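A quick write-up on the structure given underneath.
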DNA sequence: AAAACGGGGGC
DNA sequence: GCCCCAGTTTT
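Numbering (our numbering), first residue to last: 94 to 297.
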């Protein structure tokens with residue numbers, strides 16, 4: 094068992110699960126798009142309103158982004174821009190992808206508001222692909238613990254793909270998000286209660 | 001490589 | 001009042 098598998102095992106045993114449990118591609122995609130630069134508790138409330146008002150891609154594609162959607166998703170950051178992106182992405186999925194959320198990184202990142210991180214969240218969470226979504230938590234923690242050493246998130250992803258076992262990759266991001274929010278925080282990390290402090294290069 | 005987008009919550 | 005947050009896009 095290498096270090097990453099041991100770190101993952103201990104964190105899963107010690108931490109609560111990530112609150113997002115949806116697997117439907119539409120819900121995974123819209124949640125991931127809403128979550129950009131927004132805390133997940135806020136995103137969960139906003140996403141629930143979005144799904145109630147627009148239960149599927151077709152209904153979202155018919156919506157008016159400025160008048161309707163922007164008001165429904167108020168609360169998340171960049172909500173006006175996200176409203177436009179959500180509706181335009183839904184329309185592209187209807188017109189170009191046969192109404193199904195794409196299951197490859199190129200088609201996903203061709204959607205407005207979808208970058209590599211969101212694409213990898215969709216691929217791993219909705220489609221079970223063995224990919225790692227690198228966000229600020231994964232990037233910070235991986236470097237802080239000495240698993241990788243780079244300022245470039247894309248290089249972090251490539252390095253992690255070499256050291257994270259395939260069966261762990263899809264759940265790596267949500268595990269690190271919970272870890273990063275509660276213990277391995279950006280500032281004032283709580284190393285005194287960290288389950289993997291003995292494996293960390295920068296424990297306090 | 002850096003700036004812009006941006007409302008909400010913690011401290 | 002200041003800083004950070006499940007990033008993406010444009011310059």
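For every residue, glycine included, the Cβ atom is placed at its ideal position computed from N, Cα and C.
A quick note: this is a predicted structure, and the numbers were derived from the prediction, not measured.
Could you give the C-beta distance for residue i and residue j, rounded to a whole number, given that I count them as a contact under 8 angstroms?
{"i": "residue 205", "j": "residue 219", "result": "So it is not a contact: roughly 19 angstroms between Cβ atoms."}
{"i": "residue 273", "j": "residue 234", "result": "6 angstroms"}
{"i": "residue 295", "j": "residue 237", "result": "5 angstroms"}
Going straight from the alpha carbon of residue i to that of residue j, what length do you get?
{"i": "residue 278", "j": "residue 262", "result": "21 angstroms"}
{"i": "residue 207", "j": "residue 123", "result": "10 angstroms"}
{"i": "residue 287", "j": "residue 276", "result": "6 angstroms"}
{"i": "residue 231", "j": "residue 290", "result": "16 angstroms"}
{"i": "residue 240", "j": "residue 267", "result": "17 angstroms"}
{"i": "residue 150", "j": "residue 192", "result": "7 angstroms"}
{"i": "residue 104", "j": "residue 96", "result": "12 angstroms"}
{"i": "residue 179", "j": "residue 201", "result": "13 angstroms"}
{"i": "residue 167", "j": "residue 256", "result": "40 angstroms"}
{"i": "residue 184", "j": "residue 160", "result": "17 angstroms"}
{"i": "residue 229", "j": "residue 244", "result": "11 angstroms"}
{"i": "residue 190", "j": "residue 203", "result": "11 angstroms"}
{"i": "residue 242", "j": "residue 152", "result": "44 angstroms"}
{"i": "residue 148", "j": "residue 162", "result": "13 angstroms"}
If distances are taken between C-alpha atoms only, which option among the options comes closest to residue i?
{"i": "residue 127", "options": "104, 212, 297", "result": "212"}
{"i": "residue 284", "options": "164, 274, 176, 297", "result": "297"}
{"i": "residue 102", "options": "265, 293, 185, 282", "result": "265"}
{"i": "residue 169", "options": "257, 201, 143, 180", "result": "143"}
{"i": "residue 164", "options": "214, 139, 209", "result": "139"}
{"i": "residue 214", "options": "120, 98, 106", "result": "120"}
{"i": "residue 125", "options": "280, 209, 189", "result": "209"}
{"i": "residue 116", "options": "222, 282, 161", "result": "222"}
So, are the CB atoms of residue i and residue j less than 8 angstroms apart?
{"i": "residue 271", "j": "residue 137", "result": "no"}
{"i": "residue 227", "j": "residue 260", "result": "no"}
{"i": "residue 216", "j": "residue 199", "result": "no"}
{"i": "residue 158", "j": "residue 141", "result": "no"}
{"i": "residue 154", "j": "residue 187", "result": "yes"}
{"i": "residue 171", "j": "residue 130", "result": "yes"}
{"i": "residue 133", "j": "residue 112", "result": "yes"}
{"i": "residue 292", "j": "residue 100", "result": "yes"}
{"i": "residue 194", "j": "residue 118", "result": "yes"}
{"i": "residue 258", "j": "residue 106", "result": "no"}
For the ligand MN, is there a heavy atom less than 7 angstroms away from the beta-carbon of residue i?
{"i": "residue 218", "result": "As for the ligand MN, it is missing from this structure, which has no ligand bound."}
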